[in-house]
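J.: Dumping the structure here so I can ask a few things about it.
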Amino acid sequence: MFTTINNELYHKSKKFGLRKVLHEKNAKDKVQEIHDESHNGISNTWERFKSSFYGTGLYGIVKEVVSSCDTCQRYYGSSIKRNEMVPITALKPFDIVGIDAVGPISPISKNNNRFILTAVDYATKWPIARAVENIQTKTVVNFINTDIVQHFGVPKQLISDRGSNFLSDAALEFYEFLEINHTPTTTYRPQANGQVERLNQTLKNTLSKLCADDKENWDLYIWKALLSVRTMKNSSTKFSPDMLLYGNKLTLPSVWTRDINQHVSDNPEVERAIHIEMQLEEFRKAGHQNNITSKNISAKNYNKNLKNLKFSINDKVLKHVDVLTSKFSAIWEGPFAIARIGDKGSYTIKDSEGNMDIDDTGTKESRFKVNTKKI
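The numbering of the sequence shown is full-length UniProt numbering, which starts it at 1 and goes up by one.
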């Protein structure tokens, strides 16, 4: 069903509600705007785009914009994914929480922050993060109390590594006071905190792109990175964290439109209560089951070999940076061109002036791991 609002065409459906109609000529700028918010991949950019816009041939535009993004090319890592097979699932939000610390981060922010304390809810995958100057026990306890307990209640189980800041006498006294079952990963299972480690990687990747031109203020972009993760469909639960926690989508700046999607109810309290009691519970049960199913599939595919992608002479590629100058540095540099093809997937590359890299002896050309996408 189509309708016009303020002389603009909209499509209405039961699943998505009102969506603005776009065509190939005016869609690219909007796709670019949505992608630039957090530099998600093709799948997640498409999920964000299609929830607010309608049209034909739009997926191809999303694919084109994301695939040609120079920032994503330089920050995207193509290392083998090793999903931890951790048999830990939770149905109730914030029953089980993983906590960790990222850093020290270089450069230190202008606000003198060097670390990021992070946490993730095992049921909804809701992420929490705060930039801090240090990760001493006092700071960690304040983070747990202020950012977790005050907003979501006391978790039954808290999973962390065996860092002294999580295991000090003061920290243990805090857990005991709130009756939190603190589970250090080594005694439980070495890989048990994999969920928060994956959050750390996602957060760092997103922050790297958001603060690419403003690295000394990286801590000012954490809220934006969190908003991206909170509204991104999780690959395990098949729901975004905001849907599993609140039962509805959070509004993003790029898709906000005044009053168009506003719904006025005669009994908003009753309608919300019914939604929470019935629909939200169904979302969480479905997300929980999807999470279990995803773990089984991941275990089955864990040892499958990766596809061996090949490049041709003169293909444009990026070279992997082995030593990063900071946490937010690009992990690829270039572009370079394929000069020679070696064995076992190795290549000799040259720059725009035809110079080839050589090893320390000056006699043998070096071979490099290159990006899996041509540019």
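Idealized CB from N, CA, C, for every residue including glycine.
Work out the CA separation of I99 and P93 for me, nearest whole Å.
T.: One-based indexing of the sequence shown puts residue 93 at position 93. One-based indexing of the sequence shown puts residue 99 at position 99. Roughly 15 Å between the two C-alpha positions.
J.: Might you give, ordered along the chain, the residues of its own chain that have their beta carbon closer than 8 Å to the beta carbon of L250, omitting 5 neighbours on each side?
T.: Residue 250 sits at position 250 when you count from the first residue of the sequence shown. Closer than 8 Å at Cβ, skipping near neighbours: L227, R230, T231 and D242.
J.: Residue range of the beta strand (DSSP E) that F115 falls in?
T.: As a working note, residue 115 is residue 115 in the sequence shown. Segment F115 to D121, the beta strand (DSSP E) holding F115.
J.: Tell me the rounded alpha-carbon separation between S236 and S294.
T.: Numbered from its first residue, the sequence shown carries residue 236 at position 236. Numbered from its first residue, the sequence shown carries residue 294 at position 294. Rounded to whole angstroms, S236 to S294 spans 5 Å at the Cα level.
J.: Would you check if there are 3 or more beta carbon pairs closer than 8 Å linking the region 201 to 211 to the region 163 to 176?
T.: Flag = no, the region 201 to 211 and the region 163 to 176 do not touch.
J.: Could you check what DSSP says for T293 in three-state terms: helix, strand or coil?
T.: Here residue 293 corresponds to residue number 293 of the sequence shown, with the count starting at 1. Note: T293 maps to helix in three-state DSSP.
J.: Would DSSP call R198 helix, strand or coil?
T.: Start at 1 with the first residue of the sequence shown, and residue 198 comes out as number 198. Of the three classes helix, strand and coil, the one that applies to R198 here is helix, per DSSP.
J.: Taking the straight line between their C-alpha atoms, what separation do you get for N234 and I128?
T.: For the purposes of this step, residue 234 is identified with residue 234 of the sequence shown, where counting begins at 1. For the purposes of this step, residue 128 is identified with residue 128 of the sequence shown, where counting begins at 1. Each residue's alpha carbon lies about 15 Å from the other.
J.: Quick check: the Cα distance between N291 and K238, rounded to an integer number of angstroms?
T.: The residue you call residue 291 lines up with position 291 of the sequence shown. The residue you call residue 238 lines up with position 238 of the sequence shown. Going from the Cα of N291 to the Cα of K238 covers about 8 Å.
J.: Among the residues of its own chain, which have a CB less than 6 Å from the CB of F174, if the five just before and after it don't count?
T.: What you label residue 174 is simply residue 174 of the sequence shown in a count that begins at 1. Same-chain partners within the cutoff: V141.
J.: What did DSSP end up calling V97 once you bin it into helix, strand or coil?
T.: Mapped onto the sequence shown, residue 97 falls at position 97. Of the three classes helix, strand and coil, the one that applies to V97 here is strand, per DSSP.
J.: Using the three-state DSSP reduction, which class does D213 fall into: helix, strand or coil?
T.: What you label residue 213 is simply residue 213 of the sequence shown in a count that begins at 1. Coil at D213, not helix or strand.
J.: With a Cβ-Cβ cutoff of 8 Å, do K316 and E333 count as a contact?
T.: Numbered from 1 along the sequence shown, position 316 holds the residue referred to as residue 316. Numbered from 1 along the sequence shown, position 333 holds the residue referred to as residue 333. Contact flag unset, no.
J.: Could you give the first and the last residue of the continuous alpha helix (DSSP H) run that contains G60?
T.: Taking the sequence shown and counting its residues from 1, one reaches residue 60 at position 60. Here the alpha helix (DSSP H) through G60 covers L58 to S67.
J.: Would Y10 and F16 be called neighbours here (beta carbons separated by less than 8 Å)?
T.: As a first step, residue 10 is located in the sequence shown; it is residue number 10 there, counting from the start. As a first step, residue 16 is located in the sequence shown; it is residue number 16 there, counting from the start. No; because the gap between Cβ atoms is not below 8 Å, this pair is not in contact.
J.: When DSSP builds the beta bridges, which residues end up paired with Q150?
T.: Within the sequence shown, numbered from 1, the residue matching residue 150 stands at position 150. BP columns for Q150 are empty, so no partner.
J.: Decide if T124 is buried, meaning its Cβ has at least 16 other Cβ atoms within 10 Å, or exposed.
T.: For the purposes of this step, residue 124 is taken as residue 124 along the sequence shown, with counting starting at 1. Per the 10 Å Cβ criterion, buried.
J.: Answer yes or no: do V120 and Q195 have a C-beta to C-beta separation smaller than 8 Å?
T.: Your numbering for residue 120 matches position 120 in the sequence shown. Your numbering for residue 195 matches position 195 in the sequence shown. Yes. Within cutoff.
J.: Could you check the C-alpha separation between C136 and N165 for me, to the nearest Å?
T.: As a working note, residue 136 is residue 136 in the sequence shown. As a working note, residue 165 is residue 165 in the sequence shown. The amino acid occupying residue 136 in the given sequence is Gln; Cys does not appear at that position. Using only the alpha carbons, I get a separation of about 5 Å.
J.: If you draw a straight line from the alpha carbon of K156 to that of L91, how long is it in whole angstroms?
T.: Here the question's residue 156 lines up with position 156 in the sequence shown. Here the question's residue 91 lines up with position 91 in the sequence shown. Their backbone Cα atoms lie some 12 Å apart in a straight line.
J.: Please go through the same chain and pick out, in chain order, the residues whose beta-carbon is closer than 6 Å to the beta-carbon of T206, but skip the five residues on each side of it.
T.: As a first step, residue 206 must be located in the sequence shown, where it is residue number 206. Excluding positions up to five away in sequence, the list reads S38, A225 and S228.
J.: CA-CA distance, E281 and D147?
T.: As a first step, residue 281 must be located in the sequence shown, where it is residue number 281. As a first step, residue 147 must be located in the sequence shown, where it is residue number 147. Roughly 24 Å separates the two Cα atoms.
J.: For the alpha helix (DSSP H) that H35 lies in, which residues bound it at each end?
T.: Against the sequence shown, residue 35 aligns to sequence position 35. Start and end: E24 to S38.
J.: What does the alpha-carbon distance come out to for the pair Y188 and E197?
T.: What you label residue 188 is simply residue 188 of the sequence shown in a count that begins at 1. What you label residue 197 is simply residue 197 of the sequence shown in a count that begins at 1. The pLDDT assigned to Y188 is 35, lower than 50, so where the model puts this residue is not dependable, and the model offers no usable value.
J.: Does the beta-carbon distance from S208 to F328 come in below 8 Å?
T.: On the sequence shown, position 208 is the one that residue 208 refers to. On the sequence shown, position 328 is the one that residue 328 refers to. It is a contact, given that the beta carbons lie within the stated cut-off.
J.: So, with DSSP's three-state summary, where would you put G163?
T.: Along the sequence shown, read from residue 1 onward, the residue named residue 163 stands at position 163. It is coil, neither helix nor strand.
J.: Got a sec? Which residues, its chain only, sit under 8 Å from T45 by beta carbon, not counting five neighbours each side?
T.: By 1-based counting over the sequence shown, the position of residue 45 is 45. Around T45: V31, I34, H35, V62, V65 and V66.
J.: In the structure shown, what three-state DSSP assignment does T183 receive?
T.: For the purposes of this step, residue 183 is taken as residue 183 along the sequence shown, with counting starting at 1. T183 falls in the strand class under three-state DSSP.
J.: What residue from E176, W223 and L158 has the CA that sits closest to P184's CA?
T.: Along the sequence shown, read from residue 1 onward, the residue named residue 184 stands at position 184. Here the closest residue by C-alpha is L158.
J.: Kindly provide the ranges of any alpha helix (DSSP H) runs that are 4 or more residues long and lie completely inside the region 217 to 249, ordered along the chain.
T.: If we require 4 residues or more, the alpha helix (DSSP H) runs fully inside the region 217 to 249 come out as 222 to 230 and 241 to 246.
J.: Compare the C-alpha of G342 against each of I313, S352, A330 and D351 and name the closest.
T.: As a position in the sequence shown, residue 342 is number 342, starting the count at 1. Out of I313, S352, A330 and D351, I313 has the C-alpha closest to the C-alpha of G342.
J.: Between which residues of its own chain and G153 is the CB-CB distance below 8 Å, once the five residues before and five after are set aside?
T.: Locating residue 153 in the sequence shown gives position 153, counting from the first residue. Closer than 8 Å at the Cβ level, and outside the excluded window around G153, lie F94.
J.: From the DSSP output, in three-state form, read off A337 for me.
T.: Position 337 of the sequence shown, counting from 1, holds the residue named residue 337. Three-state result, A337: strand.
J.: Verify whether the separation of the beta carbon atoms of S21 and G57 is less than 8 Å.
T.: As a position in the sequence shown, residue 21 is number 21, starting the count at 1. As a position in the sequence shown, residue 57 is number 57, starting the count at 1. Residue identity check: residue 21 is Val in the sequence provided, not Ser. No. Outside cutoff.
J.: Just curious, the alpha helix (DSSP H) that L172 is in, first and last residue?
T.: Position 172 of the sequence shown, counted from the first residue, corresponds to residue 172. Unbroken alpha helix (DSSP H) run through L172: D169 to L178.
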